[in-house]
Amino acid sequence: MDKKIEIRCRNGHCNRLFMNYYVTGNDVELNLGGFELKCEKCKRVLRLKNYTEKLLMEQSVKGVFRV
Ligand SMILES: [Zn+2]
């Protein structure tokens, strides 16, 4: 399984790509709580807490997950 999920800025005018996630098929805890993402385009700063692969898959639309 090689499904890719794009993690992008939720700001509609921005839509910047933060990272690509490749689905492993295991419902892994992503442990992203320690990461801080900063959108260079619209200057939002955000932290991803308690994300799991399942949640990414459930809440992504057409392979895009917005944060
Ligand atoms: Zn942005």
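Quick note on numbering: this note's numbering labels position 37 of the sequence shown as 40, and the sequence is numbered without any gaps.
For glycine and all other residues, C-beta sits at the position ideal for the given N, C-alpha and C.
Bear in mind the structure is a predicted one, so any value in this text is a computation, not a measurement.
query                                                                                                                                       : result
Give a yes or no on contact between the region 31-39 and the region 14-21, applying the rule of three or more CB pairs nearer than 8 Å.     : no
For Arg19, verify whether its CB is less than 8 Å away from any heavy atom of ligand 1.                                                     : yes
DSSP on Lys41, reduced to helix/strand/coil?                                                                                                : strand
Can you tell me whether Leu51 is helix, strand or coil according to DSSP?                                                                   : coil
Given Val70, which residues of its chain have a CB within under 8 Å of its CB, disregarding the five upstream and five downstream residues? : Ile10, Arg11, Cys12, Arg13, Phe21, Leu40, Leu49, Leu51
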